[in-house]
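Following: one structure in structure tokens, then a few remarks.
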Amino acid sequence: MACAPHHQQPQPYLPNGGPVHADPHLAALAEEVQRITGDINGPFRKAEYTMVLQQFDILMATSAVEEVAAMAVECREETRELDLLGRSLNILDPNFLTWRLTTPQGRAIGVSGNYSLPKPSTVSDRTYQLYMLEQRIEDAWGQVLLAAMRQMPGEQEHHEEIVSDFERLFERCSDYLRSMLQDTMSAVHLLDVTVMDATELSTQFVVCAGLMKHPPPDVAALVKFIEYLKQRSIPLSLAAAEQLERIYLRFMKGKAAADVFESVTAAGLIPLSVRPFAMLFNNLTDANAVLDAYDLMLDYGIAPEASTLRILCKQSRMEYAKLHFTTVLKGMANATSVTESYSPTPPPPRSPLVSGAGGAAATHTSATAASTSTVAAASRRRDERSYFAQRIEELAERKPKVSLLEALKVLHRAEVEGTSLQGDTYIMSALLRHFCRSTTPRRYLVLPFSDSLAYRPGPVSDDAPPTSGVETGGGSKGHSMVNAFDFGFDAANEELLEGEGKSTINEELEGLPGAPTRSRGGEPETEKGHRPRPPPRDPYFADSSEEGTYILEVLKSYGSYPDNNVLQALSAQYEGQVPQMEIVASAADSFFEGCMASHGAMSPVDCRFLHALGYYYIDNRWRDRAHQLVRRVLEMFYAYCVTFRTDLGGTEKWFSYFAVIVGTKTGPLDLGIGLFAASLALSDKTVNPKVATKLTAKRDSSDHVIEVLSELEKCGWEYHRILCCDALMLEPQERVTAENEESAAGANGAGSRDHHHGRSANSSGAVGATGSPTAVAGEEHLGKDSIYTLAGQGPSSYNNPHLLSARPSLITFMYVALRDLGVAKKTVDWLRDRLKAARQEALAAKRSR
């Protein structure tokens, strides 16, 4: 059985990091065993071998040891499974680090002095506890044997008797003790004469015995020992790794600390606890070197402890770093359980956030207390995240050519530290602004993030593309092209916009009555020309838009989405740049997704920060993408107001100018008028003067649209006057009815009535209304049946009898425009109802005055 020379018995842990709960009797036995073995360990460390041998006599007379031995013998088959597990966990195997970083059992190693084997689900708690006690007793027995060999080197029979006593008590052969009896000069020598087959189960115990009997005297000997293990493929168990760590800690003093640590890790021995890093923090003098060492500690999956944070607060000379460590330390002190709150966190989820996007708050009985706690927690998380964002900024400044994956390591570091990334925007903004440079090999962009090179310690470099086969057209055979996403080009986004100064859709179709219409997203007409194709994609490196998409997807897995600040910063930095504007497009898509996933908890998208993206689509003649952007904004507004019942926070007042830009640049003026009407339904604020400028600048349209603009100018583009204007807000039938009622009220004779009756008949014939003459029936007909006259009519919805023969209301303009954009019917109906309700409120206010 493995026998690690622990100086302090670690508390056994379950796979999830929680302590094993034994029955009361076994707990009492464990307490007694730990007391007596501790009495042996103390004098042994001080080389007081006479005292060790005296304590051994007391151990032999202790009934608790006999009881533990008897119970351990009964469950020998189960404990063999733990021996097999111990052999399989080889610290020198590269796969061990992956297991440590990505599994709960691995992350529990080294936390609070825990180096115990993880408990398999097939082993009972009682057996696991007995195994740990037997290991503790065998460890103490080994110290007694070494004390006897050093105190009485010639008493070979006495040494054999000590080993036999243990083997008789536990009814098994102890490879650990037997290997110590060998006459050897060093740990390597002991392995040479003892280990015949490195795959034998006993090998792991022999390695522990060699280190216990012959600890390496210096760093060179320790590195030689590790190299020997690797050469012979001898596994290094957790117990042996802890021994080595304790040994080389003695060498980490003064200026040599960093060199010792580098030599040991370069040999292949990864650190498992905070202890080596605490020595580094105490001995490093350069402030940047201290923070780099802290980053490396987190890269190895080692969470900081309170004592480590106190050292960092003392050693850090940068204020932002001191603030961060102080904040984390306070959070640790306020937590009810250090293990629950600041043990290494699990790897990022493999699916995006499902519940709200806001940070989680502690549960309290009082609603007021919960609110206060939530605000405080959010403030603390902002302070914690700002540290990692600042580290990214510094990395970009110090190493301009550093890899994206090197920068993405901050996500794993925050995760290990216990800093929640849910709702983060600081780190996201820094990554998107500084590290989308088309330098990352596409095969590195993998999901889940825990499989990425950024989830591992050590430098990550963007290696050069392979040269063989690329020039001859065989590049795809030279390297893997598999990556996290399908970055294929979307042919649906290639549709050309209407040319500036050309005819409207109405006139175009009137001139070509028999011409087939194109479906949305289809190939454009040849006379309008084609947008130039983008340059060929690099077969090896991802472009900046792919890197940006990867960053967003990784952060989404942590529950983070962009917000208006991120969108504003990206738009300002990348405006007009291709393909960098695709980063803004991906950020906007993720923002919309986050708004919906948060169920209204996030602030909705502010259209002011969509202008650059809208112009990017317009300049590249992507009609569908521009229309989709408007559609997503409107459907987001609907979800917030109707589904989530959340206030829009004033973001709706910026919709009008953005929508009119898209409307006037991607279609006839009818579309701009319709989107302007939608903005009236959303906001009761003063109409933006820029909206009037945009709409009046484009006069090349139908007479009906020109009449609408004239009416708007008569109203002075004033919100309430527009809503109260019958000429703008009433359908043709309603206007005729209103005029008849007004004329009838002021008429003085039948002639006058006949005159108006004839005009009414003429007007009714002009609009070509069918069905019920009531206003409601007319609205339904205009609003639904006449929108699409042909299945493939697409964006040519304006070419219908009603829009060509009579000037409809702003409501119908809006309805038709939104249906052309593909806005969901429930959203269109909601906006129509809002616009009607706004008119009624405006009329009521006018009458009250």
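Here our numbering is used: the first residue of the sequence shown is 648, the next is one more, and so on.
Heads up, the beta-carbon is just placed ideally off N, CA and C, and yes, glycines get one too.
The structure displayed is predicted, hence computed values, not measured ones.
Spatially closest choice to residue 1052 from 1038, 1075, 1101 and 1069, by CA coordinates: 1101
Given 8 Å, three or more beta-carbon pairs between the segment 697 to 709 and the segment 794 to 811: yes
Host alpha helix (DSSP H) of residue 760 (start-end): It is not in any alpha helix (DSSP H) - residue 760 carries neither H nor E in the DSSP assignment.
Separation of residue 1031 from residue 1270, as counted between CA atoms: 42 Å
Endpoints, the alpha helix (DSSP H) within which residue 1367 is located: 1366 to 1371
Where the alpha helix (DSSP H) through residue 1470 begins and ends: That residue, residue 1470, is in no alpha helix (DSSP H); it is neither H nor E in DSSP.
Residue 954 classed as buried or exposed, judged by whether at least 16 other C-beta atoms fall within 10 angstroms: exposed
Beta-carbon gap between residue 1375 and residue 1456 smaller than 9 Å: yes
Residues sharing a beta bridge with residue 1088, DSSP: 1188
Residue 857 to residue 835 span [Cα, whole Å]: 7 Å
Short Cβ contact (9 Å threshold) for residue 1208 with residue 1232: no
Contact the segment 1287 to 1304 vs the segment 1248 to 1257: 3+ CB pairs below 8 Å: yes
DSSP state of residue 1332 mapped onto helix, strand, coil: coil
Where residue 1490 sits in the DSSP three-state scheme: helix
Any 3 or more C-beta pairs closer than 8 Å across the segment 1481 to 1495 and the segment 1303 to 1323: no
Exposure label - residue 981; buried when at least 16 CB within 10 Å: exposed
Reduced DSSP category for residue 874 - H, G, I as helix; E, B as strand; rest coil: helix
DSSP-derived helix/strand/coil call for residue 1243: helix
Collapsed DSSP secondary structure at residue 861 in the structure displayed: coil
Residue 813 (DSSP reduced to helix, strand or coil): helix
Distance between beta carbons of residue 941 and residue 970, contact taken as under 8 Å: Not a contact, Cβ separation roughly 14 Å.
Residue of 872, 1320, 741 and 736 minimising C-alpha distance to residue 1344: 1320
Inter-stretch contact (C-beta, 8 Å, three-pair minimum) for the segment 1054 to 1065 and the segment 707 to 716: no
Collapsed DSSP secondary structure at residue 884 in the structure displayed: coil
Integer-rounded CB distance, given that residue 1199 should sit under 8 Å from residue 1234: 6 Å
Rounded C-alpha distance that separates residue 1546 from residue 788: Outside the shown range of the chain, which is 648 to 1496, sits residue 1546, and nothing can be said about it.
Endpoints, the alpha helix (DSSP H) within which residue 1312 is located: 1302 to 1313
For residue 905, the nearest candidate out of 915, 887, 927 and 1193 (CA to CA): 927
Residue 1203 vs residue 1229 beta-carbon contact at 9 Å: no
Status (buried if at least 16 other CB within 10 Å, exposed otherwise) for residue 731: exposed
Proximity of residue 739 and residue 871 at Cβ, strictly below 9 Å: no
Host alpha helix (DSSP H) of residue 924 (start-end): 922 to 930
Residue 679: first and last residue of the uninterrupted alpha helix (DSSP H) it sits in: 671 to 692
CB contact flag (residue 783, residue 722, <9 Å): no
Segment limits, alpha helix (DSSP H) that includes residue 1499: Residue numbering for the chain in the displayed model covers 648 to 1496; residue 1499 lies beyond these limits and cannot be assessed.
Own chain residues within Cβ distance below 6 Å of residue 1337, not counting five before or after: 1304
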